[in-house]
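Per the numbering used here, the sequence shown starts with residue 82, numbered consecutively.
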Amino acid sequence: KLVLEARARLGKGKIHAKWQPVSVAVLRNMPKITIFNSCNNCNECVKSCPRHVLREGKNKPVISDIISCTLCRLCEEVCELKAIQVTYEEDKLIMQIESVGSRSVKEIVNEACDILKEKMEDFIKSFNEELKASAEVVSSG
């Protein structure tokens with residue numbers, strides 16, 4: 082006969098790493114690839130891309146998988162006409178998350194958004210209280 086007594090404790094990764102449901106979380110810049118009209122459709126950029134971000138098009142290469150771009154700029158280097166430019170979006174990021182399996186990525190992101198929303202609501206409440214207190218000091222002074 083086996084008797085088992087167990088206790089479960091709910092925690093957050095902020096307190097201890099053993100509660101983190103994520104093994105890897107990365108933010109990286111969203112690539113921006115511009116192919117200019119000066120392109121002669123030689124497709125050297127397509128051949129040079131290690132991640133197959135570009136594919137052959139009718140008049141010039143076509144961007145087929147922008148998310149896979151690592152911003153290595155090999156396509157720029159092989160283009161003799163300088164008809165391709167690789168930069169990144171100033172206001173967009175790509176978030177990549179790998180779960181350890183205890184929760185789905187969707188659950189992790191939803192929970193993180195709920196926590197962020199709660200913190201923002203607390204901040205707004207505190208900010209409004211400070212504004213009100215400051216206004217009272219100014220009006221009484």
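By construction, the Cβ of each residue, glycine as well, lies at the ideal position given by its N, Cα and C atoms. Keep in mind the model is a prediction, meaning the values are calculated, not measured.
Report buried or exposed for residue i, applying the criterion of at least 16 other Cβ atoms within 10 angstroms of its Cβ.
i, result
"Pro112", "buried"
"Lys141", "buried"
"Ile196", "exposed"
"Ile114", "buried"
"Val167", "buried"
"Cys194", "exposed"
Contact defined as beta carbons within less than 8 Å: I believe residue i pairs with residue j. What is the distance between those atoms, to the nearest angstrom?
i, j, result
"Ile116", "Ala164", "6 Å"
"Pro102", "Ile205", "Not confirmed; about 28 Å, so no contact."
"Ser104", "Val181", "5 Å"
"Leu162", "Ser129", "Not a contact, Cβ separation roughly 14 Å."
Looking only at its chain, what residues have a beta carbon closer than 6 Å to the beta carbon of residue i, apart from the 5 residues adjacent to it on each side?
i, result
"Glu137", "Asn124, Val127"
"Leu108", "Leu174, Met176"
"Ile147", "Pro112"
Short of 7 Å in beta carbon distance, which residues of its chain neighbour residue i, apart from the five on each side in sequence? Order them along the chain.
i, result
"Thr151", "Arg132"
For a quick check, are the C-beta atoms of residue i and residue j less than 8 Å apart?
i, j, result
"Val238", "Ser149", "Given that the chain is displayed from residue 82 to residue 222, the structure contains no residue 238 and the question cannot be resolved."
"Ile178", "Ala106", "yes"
Please work out which residues of its chain come closer than 8 Å, Cβ to Cβ, to residue i, disregarding the five sequence neighbours upstream and downstream, and give them in chain order.
i, result
"Ser183", "Pro102"
- [ ] Flag this pair as touching only if the region 83-95 and the region 144-156 have three or more C-beta atom pairs under 8 Å; answer yes or no.
- [x] no
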